[in-house]
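Numbering (the numbering used here), first residue to last: 3 to 189.
Beta carbons are placed, not taken as given, at the ideal position from N, Cα and C, and that holds for glycine.
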Amino acid sequence: MLRQAASNGPLLASLPGISIIPPRVELAPSWSILSTGQADVDVVGDRDAIDWTEQDIVHLHWLLLKEVAELEDPATPLEEKLDTLGWIFTEREKDSVPFSFVNCLRVVGCSPLSPIAYCGLVDAEEIRLRIRRNVKAWLLATLERYPPWVQEAVMRNPEWVERHLAKNPQWINEQIRRYASEGDLFA
């Protein structure tokens, strides 16, 4: 979901003790293609435009921010965590673009239509710092759910894993299924 709403950019090369870099964040496709069954729909034109109310837009910002809470849940898939972290720690030049982490904090904190009580402008850097302090433990808790050989692959070569997850978010699950059906060829 975040990958669809954010801007391009790698995660956090600056995280102490962790070198996992998440997949690059991409812009969302137009969902109108699915409703018409046609791949050649004019997605730039306005003939398939959706009328969003201001409340809908504020709620969408809130839904994106709620994904930040999933970071501490060990059951959240690794790919989703990396995607969320990539959105949070994207380049600072992109903080003002629609649906960026910083923009979501501003909209949800300041809008009278927000589902939370008014809190005003929030210091995004303070929130990023709190996330940065906890992210290693959160990622390790998620990795503990995977077989040891997956944990080792992620820890030894996170860039390789990241490249595969960027191409296919189900890559780790597919590898686990393949390993379960074929077994270890070198055992």
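Measure the C-alpha to C-alpha separation of residue i and residue j and round it to an integer number of angstroms.
i, j, result
"Arg158", "Ser183", "24 Å"
"Asn105", "Ala155", "35 Å"
"Trp173", "Ala143", "19 Å"
"Gly88", "Arg94", "12 Å"
"Pro79", "Asp97", "25 Å"
"Thr55", "His63", "13 Å"
"Tyr120", "Gln57", "15 Å"
"Cys112", "Leu131", "21 Å"
"Asp125", "Arg135", "16 Å"
"Pro100", "Gly185", "46 Å"
"Val110", "Tyr181", "44 Å"
"Glu161", "Asn170", "14 Å"
"Glu127", "Glu72", "19 Å"
Compute the distance between the beta-carbons of residue i and residue j, then report whether it is under 8 Å.
i, j, result
"Thr86", "Glu69", "yes"
"Ile118", "Phe103", "no"
"Val60", "Leu115", "yes"
"Leu65", "Leu107", "no"
"Glu82", "Trp140", "no"
"Pro133", "Val152", "Checking the sequence, you will find Ile at residue 133 rather than Pro. Their beta carbons are not under 8 Å apart, which means Ile133 does not touch Val152 by this criterion."
According to DSSP, simplified to helix, strand and coil, what is residue i?
i, result
"Leu123", "coil"
"Arg108", "helix"
"Ser37", "Per-residue confidence for Ser37 stands at a pLDDT of 40, beneath the threshold of 50, marking its modelled position as unreliable; no derived number is given."
"Asp58", "helix"
"Leu84", "helix"
"Pro77", "The sequence shown places Ala at residue 77, not Pro. Coil."
"Pro150", "helix"
"Ile178", "helix"
"Ala51", "coil"
"Pro25", "For Pro25, the predicted model reports a pLDDT of 37, less than 50, meaning its position is unreliable and no value from the coordinates is stated."
"Val70", "helix"
"Ser116", "coil"
"Glu93", "coil"
"Pro100", "coil"
"Pro160", "helix"
"Asn170", "coil"
Whether or not the stretch 128-148 and the stretch 159-171 are in contact is what I'm after, with contact meaning three or more pairs of Cβ atoms, one per stretch, closer than 8 Å; do they touch? No, because fewer than three Cβ pairs between the stretch 159-171 and the stretch 128-148 fall closer than 8 Å, the two stretches do not touch.
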